[in-house]
Each structure stands twice: as C-alpha cells, then as structure tokens.
Amino acid sequence: MEALRKKFSLTLPQNSIRIIRIIAALLLLALIIVRAMDVAAKSQFGADTWLRLSVSGLIIGGMYALIAIGYTLVYGILFMINFAHGEVMMIGTFGGYFVFEAFNAIQVSGADGNQLSFLNAYPVIAILLAFLAGMTIAALSGLFLEKFAYRPLRGAPRLVPLISAIGASIFLQNAGQLLFGPQRRQYINPVVLDRGIGWNLEVAGSTVVLTYTGIFSLILSAILMVGLYLLVQRTKLGRAMRAVAQDKKTAALMGINVDQIISRTFVISGALAGAAGVMWGIHNGLFNYYVGFLPGIKAFTAAVLGGIGNIPGAMLGGMFLGIVESVGPAVLGIDFQLKDVLAFTILILVLIFRPSGILGEALTEEKV
Amino acid sequence: MMLEVENLNVHYGAIHALKGVSFHLEEGEIVALIGANGAGKSTTLNTISRLNKPTAGDIRYRGVSIVETPPQDIVTKGIVQVPEGRRIFPKMTVVENLEMGAYIFSDRQRIEADIEMVFGKFPRLRERRKQLGGTLSGGEQQMLAIARGLMARPQLLLLDEPSMGLAPIIVEQIFDIISEINQQGTSILLVEQNAQMALSIADRGYVFETGKIVLEGDAGDLLEDPMVKEAYLGGG
Ligand SMILES: Nc1ncnc2c1ncn2[C@@H]1O[C@H](COP(=O)(O)OP(=O)(O)OP(=O)(O)O)[C@@H](O)[C@H]1O
Ligand SMILES: [Mg+2]
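These protein sequence lines are chains A and B, in that order.
Going left to right, the first sequence walks through residues 22 to 389 as my numbering numbers them.
Going left to right, the second sequence walks through residues 33 to 268 as my numbering numbers them.
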C-alpha cells in the first residue's frame with residue numbers, strides 16, 4: 022500500500038502538483054467569496070460592526086506583529102524557530118502586572134488633598150515603569166534562553182535546538198504556573214486607561230467605541246516597530262545584526278563579536294515581546310501563565326505569512342492576521358469562537374502552498 | 033618578528049588538516065603560501081584569524097601568543113583577513129560593506145576619510161558606491177573585499193586567493209594594488225594557487241602539501257625550483 026502510494030506520487034509530474042494546488046487555492050477563494058456575498062446579502066452586519074471588527078483586529082495585530090518580529094529576527098540569525106517566544110511575552114505580561122499592583126497599593130495624597138493610589142496619581146510614570154519592567158524582564162528571559170537553551174547547541178543539527186525550544190517553552194509555562202498559580206489575574210489599569218471606555222464614533226446610526234487601551238496599544242506598537250526598523254537599518258548594532266544574518270564567518274572577520282550580536286538579538290526580540298505582553302494585559306485584562314501560548318503561535322503564523330526572516334513581512338503579517346482573525350469570521354459567517362481555527366487554517370495553508378511566505382523570504386546561502 | 037607560526041595542528045573532526053606547520057613573517061614582508069587544493073592554506077589563515085582552534089602548536093604576533101584571542105580581538109590587533117571567495121555582504125551596498133570593514137572603529141570622520149582613501153585606490157568602487165554587493169562583478173567584488181579589509185587599517189593583511197576566478201588583466205591590477213599596499217607599510221600573508229603571480233610579488237614563500245610545508249625559500253629561488261616549476265608553474 023505504502024509502496025503503491027510512493028509510486029503514484031513519484032509518477033505524478035511536478036506540474037500537475039502545481040495545478041492541483043492552484044485549483045485547490047481557487048476553489049477555496051471561490052468558497053470564501055460566495056460565502057462572503059451570502060453574508061453581505063443577508064446584511065447581518067452594518068458599517069459600524071465592520072469598523073469595530075477592523076479596529077480590534079488592528080490592535081491585536083499590532084501585538085502579533087511585535088511578537089512576530091522576534092521570531093523573524095532570531096530565525097534570520099540562527100535559522101531556528103524560538104518556540105519559547107510566546108512564554109517570553111507571558112513573562113512580560115507578569116512584569117507589567119506586578120508594577121501596576123505595587124503602585125496600586127501605594128497611597129499618596131493628590132493635588133486636592135484626597136488619598137489616592139500612586140497608580141492614579143502618576144499614571145504616566147506607572148505606565149512607563151510597567152513597560153520598562155515588562156520589557157526588561159522579557160529581554161532578560163530572551164537572553165538567558167539563548168545562553169542556556171540554544172548556545173550550547175550551536176552547530177548541532179537544526180532539529181536539536183528546535184526540540185530544546187519546545188522544551189524551554191513547556192518549562193517556562195510550568196514555571197509560570199508554579200510561581201504565580203493557575204488562576205486568572207486581572208490587570209489593574211490606571212483610570213486614564215480604563216478598559217472599555219474611549220472615543221465614541223457615530224457610524225451608521227450606532228456608536229463605535231475606540232477604546233483608549235486599544236488606541237494606546239496601536240500607537241505604541243507602531244512606534245516600537247518604526248524604532249526597530251530604524252535600529253536595524255541605521256545603527257551600528259543593526260548593521261552588525263544584518264551582517265551576522267548574512268554571513269557569520271565574514272562578520273567575525275570584520276571584528277564583530279558574533280555571540281554578542283546573537284545575544285542582543287534575543288534581548289531586542291524579548292523586549293518587543295515583553296511590550297506586547299504588557300499591552301495584552303492592559304487591553305484585554307485577564308491573563309495567567311498560559312497567556313503567551315496562543316499569541317505566540319499566531320505571531321509565528323504571522324512571521325511565516327510575511328516570510329520568516331523578513332522584518333517588514335513580520336510586521337505586515339501580524340497586522341494582517343489580526344484583521345483576518347477579527348473580520349474573517351464575520352465575512353465567512355462563522356462563529357466568532359472559530360477565529361483561532363481560522364488563524365491556524367491560514368498557517369497550514371501557507372505552509373503547504375507558499376512556505377516562503379507571501380512577501381518572499383530573506384533566504385541566505387547558509388540556510389540548509 | 034611580526035608573525036610566528038609554530039608546529040600548528042588543526043583537526044576538523046577526524047580530518048587532520050594541518051600537521052605541524054611552522055613558518056614566520058617579518059615586519060614589512062609579503063610571504064606567499066602556495067599549494068594545491070586542500071593542502072591547508074585557508075585553514076592556516078582561518079586559524080590565525082581564530083575561526084578555527086588549533087589542536088596543538090602556537091601562533092605569536094609580535095611575540096605574544098594569540099591562539100586564545102577571540103576573532104574580534106584579532107582584528108583589533110591589526111590582523112585582517114580577506115577571505116577566500118570574497119564573501120561580500122550581498123544585501124549591503126558598496127559603502128555599507130566598507131563600513132562593515134571599519135566596524136572596530138567608531139570615529140565617523142576617520143571612517144569617511146578611509147572610504148575616500150580606498151576609493152582612491154579602487155576608483156571603480158566609487159562609481160558603484162550605492163550598488164548592492166551581490167550585484168557586482170567578480171573583479172569588483174574582489175576589489176571590494178580588499179578595500180573592506182583595508183578599512184580595518186590592517187598591519188598584517190591575510191589574503192586568501194585574491195586571483196581566484198578572475199581574468200588575467202584583472203589579476204594584474206589586483207596584484208599591483210597588493211604590492212602598493214605592502215609598500216605603504218602593510219605586511220602581507222598571501223595565499224595563492226597562482227604561484228607564478230604570488231611569487232613574483234612576494235619576498236619569500238612556503239609550499240604546502242597535504243597539511244605540511246614541504247619547501248620554503250626566497251620567492252626568486254622558488255620560482256626557479258624544479259619541483260615548484262613542475263607542480264605549480266606548468267612544467268616550466
Ligand atoms: N570546515 C571544514 N570541515 C571539514 N573539513 C574541512 C573544513 N575546511 C577544510 N577542511 C578540509 O581541510 C583540508 C584543508 O582545506 P583548506 O581549505 O585549508 O585547503 P586549501 O589549501 O585552502 O585549498 P584550496 O586551494 O582549494 O582553497 C581539506 O582536506 C578540506 O577538505
Ligand atoms: Mg583555500
């Protein structure tokens with residue numbers, strides 16, 4: 022039976038596989054369009070809903086993008102998928118959470134003499150410190166992860182660090198559960214970033230709320246992405262990162278400390294994931310040790326979608342996935358609970374039909 | 033003495049690539065290392081640059097052992113390698129490649145001045161300053177590789193087969209520039225398969241064969257040596 026199957030697939034010419042793929046893709050596309058038209062005809066949703074969905078997609082997409090950059094940076098330099106990256110984000114979420122908790126517990130007297138928490142007396146400082154803490158601790162986890170889980174395996178076959186990454190991911194999840202318990206916690210935001218309130222927009226006769234937490238997250242992700250891009254393109258560190266990604270041996274001959282650049286890549290990736298983690302907490306509220314798992318896999322999907330190793334690709338991939346996940350179920354007329362299924366369907370489809378990603382990839386000779 | 037290599041042994045797993053290689057280089061010299069494919073010439077340069085660790089033996093630079101020095105510090109000490117196959121960063125422009133060469137420096141003005149200096153030596157590169165390294169011709173890439181090496185202000189330049197795959201007229205140009213660099217005060221360790229060219233500009237030479245040095249002497253004498261003539265100069 023097995024032999025028969027092998028024989029069949031061997032005799033199937035390369036071209037017909039391609040044609041089958043294209044037909045499958047077209048069928049899928051047709052299905053989506055028919056379904057979407059059907060949904061639109063029933064006019065189940067008005068413009069307000071579409072806007073609401075798109076905006077919330079963009080917000081989550083920004084967070085996916087920040088995490089996806091970490092996958093892509095590490096892959097670009099080490100040709101490995103850092104499967105523990107979602108856990109790095111989780112650690113960042115806890116970092117920001119404890120800063121807010123601590124500041125909420127400190128009472129100070131406000132301008133009018135009333136007692137209020139430090140969190141609400143100095144919200145800007147509290148928010149800055151929450152991000153600083155979340156990003157720093159996530160960056161440090163990235164650093165240690167590289168040092169203890171990946172560096173000793175440098176030069177081993179590619180599957181080996183991958184297994185180590187999965188192990189590290191499970192280890193960090195369990196460590197998180199042991200340290201912080203399995204229960205869900207709630208981010209205590211400063212009042213200025215109260216969840217659910219925001220600017221009210223009148224659209225098609227109904228009100229769309231652009232939440233402050235969402236707008237804040239979206240702007241911050243955009244700033245961080247621009248910052249990262251400038252760092253990679255304009256700074257000496259960025260140039261060294263690109264050189265190491267292109268050719269490690271030659272980078273060493275230029276006087277670049279290759280191990281140090283690899284460490285710093287993990288630090289930067291970790292810091293971005295940490296920022297996404299704090300945003301996640303601020304915007305969504307509830308979280309526990311498991312918070313990094315789904316965003317981690319989704320960001321990985323986004324990175325693959327954009328072409329792993331390609332930084333703008335990861336950014337666009339993240340935004341795209343956020344929107345698809347949010348708008349997609351409405352377009353397809355399926356249950357909103359199925360948004361995760363949608364994301365993973367995309368991952369599988371991309372891996373099957375276009376493993377090099379939509380934007381192509383930053384392949385180098387070194388890629389084995 | 034600028035560089036002393038003593039009883040150098042290098043293994044790649046079970047492969048014994050260098051079996052007790054010893055040679056030296058005086059300040060200001062051009063020393064050629066010649067030999068057939070796989071003789072161990074690149075391995076020697078890579079071990080000096082500390083991309084490989086020797087299993088035995090010593091390398092001394094101006095009297096100090098450098099076998100434990102990490103690769104980036106080798107460059108800071110003034111030993112700069114222009115690797116075999118040029119290895120230009122393909123997705124960086126000519127100028128960015130040159131800036132990578134000056135990675136160990138941070139004085140912008142000095143780097144700008146050095147870029148002008150290497151453009152003076154290689155005017156072709158100035159015309160192509162914005163072009164991506166990967167799109168340059170072979171000869172241009174070799175020029176860029178040497179120029180990039182010069183950006184680190186080497187005192188000892190290790191050149192690995194600069195003539196590889198280039199037309200004779202380009203090879204002439206490149207060797208003229210190598211002589212010029214040497215006259216301006218940089219010592220050069222030159223690895224070549226093109227023994228004729230290498231020995232014509234070198235002071236002394238060493239002949240490698242399967243991980244060992246089998247012959248050494250003044251470049252002029254080696255050019256006349258019957259064994260060298262037979263093996264590397266097309267029968268003389
Ligand atoms: N990274 C490596 N792993 C395993 N073996 C290697 C490696 N690099 C070189 N070798 C082996 O070591 C020996 C010496 O190789 P080396 O590259 O130093 O030769 P070479 O004299 O520079 O040759 P060529 O003129 O072809 O460049 C060869 O047998 C080669 O196969
Ligand atoms: Mg060689």
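Using N, Cα and C, we set each Cβ at its ideal position, and we do this for glycine too.
task = Please list the partners that residue 119/B has in chain A, where partner means a Cβ-to-Cβ separation under 9 angstroms.
result = The answer, in chain order, is 268, 270, 271, 274.
| field | chain A residues whose Cβ lies nearer than 7 angstroms to that of residue 163/B | value | Per Cβ cutoff of 7 angstroms: no residues; residue 163/B is ~16 angstroms from chain A at best.
Comparing the C-beta of residue 73/A with each C-beta of chain B, is any distance below 8 angstroms? So no, residue 73/A is outside the interface.
Practice prompt. State the Cα-Cα distance for the pair residue 52/B and residue 260/A, rounded to the nearest angstrom.
Written response: The alpha-carbon atoms of residue 52/B and residue 260/A are separated by roughly 39 angstroms.
task: Rounded to whole angstroms, what's the CA-CA distance from residue 96/B to residue 78/B? Just pull it up for me.
output: Spanning the two alpha carbons is a distance of roughly 18 angstroms.
| query | If the cut is a Cβ gap below 8 angstroms, which residues of chain A does residue 81/B touch? | reply | Contact annotation for residue 81/B against chain A: 273, 274 [CB-CB distance below 8 angstroms, chain order].
Decide if residue 460/A is buried, meaning its Cβ has at least 16 other Cβ atoms within 10 Å, or exposed.
-> Any answer about residue 460/A is impossible in this case: the structure gives chain A only from 22 up to 389.
Q.
Using a Cβ-based criterion (distance less than 7 angstroms to any ligand heavy atom), does residue 192/B qualify as near ligand 2?
A. With a threshold of 7 angstroms, the Cβ atom of residue 192/B counts as near ligand 2, since some heavy atom of the ligand is closer than that.
Around the Cβ of residue 373/A, are there at least 16 other Cβ atoms within 10 angstroms (buried) or fewer (exposed)?
-> Around the C-beta of residue 373/A, fewer than 16 other C-beta atoms lie within 10 Å, and the residue is accordingly described as exposed.
_Would you say residue 205/A lies against chain B (beta-carbon separation less than 8 angstroms)?_
For residue 205/A, no Cβ of chain B is located within less than 8 angstroms of the residue's own Cβ.
request  = Note down the Cα distance separating residue 251/A from residue 205/A, rounded to an integer number of angstroms.
outcome  = Rounded to whole angstroms, the gap between the alpha carbons of residue 251/A and residue 205/A is 37 angstroms.
Notebook entry, point to check: In chain order, which alpha helix (DSSP H) runs of at least 4 residues are fully inside the segment 158-216 of chain A?
Noted result: Unbroken alpha helix (DSSP H) stretches of 4 residues or longer found wholly inside the segment 158-216 of chain A: 180-201, given in chain order.
**Message:** By DSSP's criteria, residue 237/B is part of a beta bridge. Which residues make up the other side?
**Reply:** Residue 237/B is bridged to 64/B, 249/B.
In chain order, what residues place their C-beta within less than 6 angstroms of a heavy atom belonging to ligand 1?
After applying the 6 angstroms Cβ criterion, the set is 44/B, 47/B, 49/B, 67/B, 69/B, 70/B, 71/B, 72/B, 73/B, 74/B, 75/B, 116/B, 225/B.
Are residue 84/A and residue 301/A touching if we call contact CB-CB under 8 angstroms? Going by C-beta atoms, residue 84/A is nearer than 8 angstroms to residue 301/A.
When we look at the beta-carbon of residue 270/B and count the other beta-carbons within 10 Å, is it buried (16 or more) or exposed?
Because residue 270/B is not part of the residues shown, which for chain B are 33 to 268, the question remains open.
Quiz item: When the Cα atoms are used, what is the spatial distance from residue 210/A to residue 311/A?
Solution: The straight-line gap from Cα to Cα measures roughly 20 angstroms.
| field | Residue of 52/A, 255/A, 229/A, 262/A minimising C-alpha distance to residue 75/A | value | Just measuring C-alpha positions, the residue of 52/A, 255/A, 229/A, 262/A sitting nearest residue 75/A is 229/A.
| said: Which residues of the segment 318-348 of chain A have a Cβ closer than 7 angstroms to any Cβ of chain B? Give them in chain order. | reply: Against chain B - using a Cβ distance shorter than 7 angstroms - the segment 318-348 of chain A contributes no residues.
Shorter than 8 angstroms from the beta carbon of residue 133/B to some beta carbon of chain A?
Among the residues facing chain A, residue 133/B is included, as its CB has a counterpart in that chain under 8 angstroms away.
* Would you say residue 113/B and residue 278/A are within 8 angstroms of each other, going by their C-beta atoms? -> Not in contact: residue 113/B and residue 278/A (Cβ atoms no closer than 8 angstroms).
Buried or exposed, going by whether 16 or more other CB atoms sit within 10 Å of the CB of residue 97/A?
With 16 or more Cβ atoms within 10 Å of its Cβ, residue 97/A is classed as buried.
Between which two residues does the beta strand (DSSP E) containing residue 90/B stretch?
Run containing residue 90/B: 88-93, per the beta strand (DSSP E) assignment.
| said: Which same chain residues end up closer than 8 angstroms to residue 246/B when comparing Cβ atoms and leaving out the 5 residues on each side of it in sequence? | reply: Result list for residue 246/B: 239, 240, in chain order.
I want to verify the contact list: residues of chain B whose CB lies under 9 angstroms from the CB of residue 285/A, in sequence order. What residue 285/A touches in chain B: nothing, since even the nearest Cβ is about 14 angstroms away.
TODO: Identify the continuous alpha helix (DSSP H) that holds residue 208/B and give its terminal residues.
DONE: Residues 200-215.
- Query: To which residues does DSSP link residue 41/B through a beta bridge?
  - Reply: By DSSP's assignment, residue 41/B forms a beta bridge with 51/B, 88/B.
Practice item. Assign residue 69/B to one of two classes, buried (16 or more other C-beta atoms within 10 Å of its C-beta) or exposed (fewer than that). Key: Flag for residue 69/B reads exposed.
Beta-carbon proximity of residue 353/B to residue 116/B, cut-off 8 angstroms: In this structure chain B extends from 33 to 268, so residue 353/B is not present and cannot be described.
Requested in this report: State the start and end residues of the unbroken beta strand (DSSP E) segment that holds residue 219/A.
Outcome: Going by DSSP, residue 219/A is part of the beta strand (DSSP E) stretching over 219-224.
Check your understanding: Should residue 384/A be flagged as near chain B, meaning a C-beta pair shorter than 8 angstroms?
Key -> Residue placement at residue 384/A is flagged as unreliable, the pLDDT there being 43, under the threshold of 50; a coordinate-derived value is accordingly withheld.
*asked:* Check for me: the beta strand (DSSP E) holding residue 113/B runs from which residue to which?
replied: Residue range 111-114 is occupied by the beta strand (DSSP E) that includes residue 113/B.
Can you have a look at residue 55/A and say buried or exposed, based on whether 16 or more other CB atoms are within 10 angstroms of its CB? Residue 55/A should be labelled exposed.
- [ ] Could you name the residues that DSSP lists as bridge partners for residue 128/A?
- [x] For residue 128/A, the beta-bridge partners assigned by DSSP are 138/A.
*Can you give me the Cβ contacts of residue 66/A inside the same chain, cut-off strictly under 7 angstroms, excluding the 5 residues immediately before and after it?*
So the list reads 351, once near-sequence residues are dropped.
Q. By DSSP, does residue 25/A sit in helix, in strand, or in coil?
A. Confidence is the limiting factor: at residue 25/A the pLDDT is only 46, short of 50, which leaves the residue's position unreliable and the question unanswerable from this model.
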